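So the sequences go chain by chain: L and V. Under my numbering, the residue at position 93 of the first sequence is numbered 93, and the numbers go up by one with no gaps. Count along the second sequence from 1, then add 239; that gives the number in my numbering. Heads up, the thing below is written out as structure tokens.
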Amino acid sequence: MSAPVLELDAVSRQHGEGATLVQALRTVSLRVTAGELVAVMGPSGSGKSTLLTLAGGLDAPTAGVVRVEGTDLAGLGPAGRARMRRTSIGYVFQDFNLIPALTAAENVALPLELDGVRTSAARAAARTALEEVGIADLADRFPDHMSGGQQQRVAIARAVVGDRRLVLADEPTGALDTETGEDVLRLLRGRCDAGAAGVLVTHEARHAAWADRVVFLRDGVVVDETTSDPVESLVETGA
Amino acid sequence: MSVRFALLALLEQGPKYGYQLRSEFEQRTGSTWPLNVGQVYTTLTRLERDGLVEGAGSDEQGHVVYRVTDAGRDEVATWFTTPVARTQPPRDELAIKLALAVTVPGVDVGTVIQQQRSATIRALQDYTRLKRQEPLDLAWSLVLESLVFAAEAEVRWLDHCEARVRRAAAEAPAPEPSRTDEKQETTR
Numbered sequence: 001m002s003a004p005v006l007e008l009d010a011v012s013r014q015h016g017e018g019a020t021l022v023q024a025l026r027t028v029s030l031r032v033t034a035g036e037l038v039a040v041m042g043p044s045g046s047g048k049s050t051l052l053t054l055a056g057g058l059d060a061p062t063a064g065v066v067r068v069e070g071t072d073l074a075g076l077g078p079a080g081r082a083r084m085r086r087t088s089i090g091y092v093f094q095d096f097n098l099i100p101a102l103t104a105a106e107n108v109a110l111p112l113e114l115d116g117v118r119t120s121a122a123r124a125a126a127r128t129a130l131e132e133v134g135i136a137d138l139a140d141r142f143p144d145h146m147s148g149g150q151q152q153r154v155a156i157a158r159a160v161v162g163d164r165r166l167v168l169a170d171e172p173t174g175a176l177d178t179e180t181g182e183d184v185l186r187l188l189r190g191r192c193d194a195g196a197a198g199v200l201v202t203h204e205a206r207h208a209a210w211a212d213r214v215v216f217l218r219d220g221v222v223v224d225e226t227t228s229d230p231v232e233s234l235v236e237t238g239a
Numbered sequence: 240m241s242v243r244f245a246l247l248a249l250l251e252q253g254p255k256y257g258y259q260l261r262s263e264f265e266q267r268t269g270s271t272w273p274l275n276v277g278q279v280y281t282t283l284t285r286l287e288r289d290g291l292v293e294g295a296g297s298d299e300q301g302h303v304v305y306r307v308t309d310a311g312r313d314e315v316a317t318w319f320t321t322p323v324a325r326t327q328p329p330r331d332e333l334a335i336k337l338a339l340a341v342t343v344p345g346v347d348v349g350t351v352i353q354q355q356r357s358a359t360i361r362a363l364q365d366y367t368r369l370k371r372q373e374p375l376d377l378a379w380s381l382v383l384e385s386l387v388f389a390a391e392a393e394v395r396w397l398d399h400c401e402a403r404v405r406r407a408a409a410e411a412p413a414p415e416p417s418r419t420d421e422k423q424e425t426t427r
């Protein structure tokens, strides 16, 4: 079995102290290997988003270890973590978070340019990523002139550009209609099939169903997990 | 499910024999509702009796071929333009199970809900795997989506039940000690 791209080992995160202490996450362990898409489900306040921010090094756990590609994020220091976020981790958010003053291609190229990649090389990589999500023809368009589905495709291209191996998606389909949301899931799934490791936070069962495994969180604790083994087929194909 | 209307609708496209009708029905519905050929022939006999189809001779292999009559065409048109009736809700085992789980003492409702949610999501994962097999026939993909929507609705309903049960527990007037008493009561 391949080494996990993302590993959470007995991770806890608490906010506040004393009477205002909130245990957002309690000794959660999770491993996501290359090629795997894991969905995290749970009601609001169950710790889904906390899990994702810890996995992406945007926040640090109060206990436990988070490793990305075998590296303990706590040992990296702020600068090292920032570099890790730029080179190995891609985020997809519900509200796309594109920069309005930059074109699609510029948005996608930005993380590479921030990392010191030459502009021409970064733009070329951005074009390839946009091609991969099927909107190469919109490369020079600004976010305001794109539909929600197109903007989310740009966001996915930005999340995977430069071959980042961990893709973290927080309710990426929340602002999209069923069909467009499904296209986004198809892209994420395809990216994982091509070798990335993905974590998808969602409250929608139909989207979680694209994952290999579904982890259920309640009050910061993993209460259940579906396995990746296909169940005995419920319906036969029409072929 | 009205096999009768389905067969009439298939015959609208041209005369067919029993096996052909069965395989076309199953192709469109992804074998979700298997039909046995005996059922097809019984239905054809009834449709013929009612003047909605008529024999159209046999093909080279000797299959008895049927075609739709004008009355049959009217019947199909009416079927397509009439909404499916919402009759008595079918006896839903899950709804009954939860209704009892919240009233029978000693049942861990949270676990009942989670186990069902997990099972339903596994079914959804299975449907989604089928969706990923492209290209997907349009008719079959619509049937598959109906299964997806139904499973999705069930999970949403389970989420709702869980939130309601949790809220009811939080609002319950019974103080902590009496709950332990109850537990002791049930373990006796």
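Every residue, glycine too, gets a C-beta built ideally from N, C-alpha and C. Because the structure is a prediction, the values reported are computed rather than measured.
Proximity to residue 208 of chain L [Cα-Cα], best of V/411, V/374, V/368 and V/408: Residue 208 of chain L sits at position 208 when you count from the first residue of the first sequence. Comparing Cα positions, the closest option is V/368.
Rounded C-alpha distance that separates residue 439 of chain V from residue 276 of chain V: With chain V represented from 240 up to 427, any question about residue 439 of chain V goes unanswered, as that position is not in the structure.
Residue 303 of chain L and residue 196 of chain L closer than 8 angstroms at C-beta: Residue coverage of chain L in this structure runs from 1 to 239, which leaves residue 303 of chain L outside it and unanswerable.
Of the listed residues L/214, L/15, L/37 and L/43, nearest to residue 396 of chain V (C-alpha basis): Walking along the second sequence from the start, residue 396 of chain V turns up at place 157. Closest by alpha carbon: L/43.
Backbone CA spacing between residue 28 of chain L and residue 258 of chain V [nearest angstrom]: As a working note, residue 28 of chain L is residue 28 in the first sequence. As a working note, residue 258 of chain V is residue 19 in the second sequence. If you take the alpha carbons of residue 28 of chain L and residue 258 of chain V, they lie about 56 angstroms apart.
Length of the line joining the Cα atoms of residue 256 of chain V and residue 298 of chain V: Locating residue 256 of chain V in the second sequence gives position 17, counting from the first residue. Locating residue 298 of chain V in the second sequence gives position 59, counting from the first residue. Looking at the two C-alpha atoms, the distance is approximately 9 angstroms.
Closer than 8 angstroms at the beta carbon, the chain V residues around residue 43 of chain L: Counted from its first residue, the first sequence places residue 43 of chain L at position 43. What residue 43 of chain L touches in chain V: 398, 401 and 402.
Alpha helix (DSSP H) runs contained entirely in the region 293-325 of chain V, provided each spans 4 or more residues: 309-320
Buried or exposed by the 16-neighbour rule on C-beta atoms within 10 Å, applied to residue 381 of chain V: For the purposes of this step, residue 381 of chain V is taken as residue 142 along the second sequence, with counting starting at 1. Exposed, since its Cβ has fewer than 16 Cβ neighbours within 10 Å.
Residue range of the unbroken alpha helix (DSSP H) whose run includes residue 10 of chain L: Here residue 10 of chain L corresponds to residue number 10 of the first sequence, with the count starting at 1. Run containing residue 10 of chain L: none in the alpha helix (DSSP H); it sits in the beta strand (DSSP E), 4-15.
Residue-chain proximity (residue 391 of chain V, chain L), Cβ-Cβ < 8 angstroms: If you number the second sequence from 1, residue 391 of chain V lands on position 152. Residue 391 of chain V counts as touching chain L.
Assigned secondary structure, residue 135 of chain L (DSSP; H/G/I helix, E/B strand, else coil): Counting from 1 along the first sequence, the entry for residue 135 of chain L is found at position 135. Here residue 135 of chain L sits in coil by DSSP.
8 angstroms Cβ cut-off: residues of chain B touching residue 216 of chain L: Among the protein chains in the structure shown, which are L and V, there is no chain B.
Residue-level contact to chain L via CB, residue 337 of chain V, 8 angstroms cutoff: Taking the second sequence and counting its residues from 1, one reaches residue 337 of chain V at position 98. Not one chain L Cβ lies under 8 angstroms of residue 337 of chain V.
Presumed contact (8 angstroms Cβ cut-off) between residue 292 of chain V and residue 250 of chain V, rounded CB distance: Within the second sequence, numbered from 1, the residue matching residue 292 of chain V stands at position 53. Within the second sequence, numbered from 1, the residue matching residue 250 of chain V stands at position 11. About 6 angstroms; that satisfies the 8 angstroms criterion.
Proximity test, Cβ basis, 8 angstroms: residue 22 of chain L and chain V: Start at 1 with the first residue of the first sequence, and residue 22 of chain L comes out as number 22. Answer no: the Cβ-Cβ gap between residue 22 of chain L and chain V never drops below 8 angstroms.
Residue 391 of chain V, buried or exposed, once every other Cβ within 10 Å from all chains shown has been counted against 16: In the second sequence, counting from the first residue as 1, residue 391 of chain V sits at position 152. By the neighbour-count rule (16 or more Cβ atoms within 10 Å), residue 391 of chain V is buried.
Test: residue 206 of chain L CB closer than 8 angstroms to a CB of chain V: Stepping through the first sequence from its first residue, residue 206 of chain L is reached at position 206. With 8 angstroms as the cut-off, residue 206 of chain L counts as an interface residue toward chain V.
Closest residue to residue 282 of chain V among V/405, V/247, V/377 and V/319 (Cα-Cα distance): Walking along the second sequence from the start, residue 282 of chain V turns up at place 43. Nearest C-alpha to residue 282 of chain V: V/247.
Cβ-based contacts, 9 angstroms cut-off: residues of the region 243-267 of chain V near chain L: 265, 266 and 267
Close beta carbons around residue 69 of chain L, own chain, < 7 angstroms, minus the five adjacent residues each side: The residue you call residue 69 of chain L lines up with position 69 of the first sequence. Contacts found: 5, 88 and 165.
Chain V within 8 angstroms of residue 133 of chain L, Cβ atoms only: In the first sequence, the residue the question calls residue 133 of chain L occupies position 133. It does not: the Cβ of residue 133 of chain L has no partner Cβ on chain V nearer than 8 angstroms.
Exposure of residue 135 of chain L, with buried meaning 16 or more beta-carbon neighbours within 10 Å: Here residue 135 of chain L refers to the residue found at position 135 of the first sequence. Per the 10 Å Cβ criterion, buried.
Strand pairing of residue 156 of chain L, partner residues [DSSP]: As a first step, residue 156 of chain L must be located in the first sequence, where it is residue number 156. None, per the DSSP bridge assignment.
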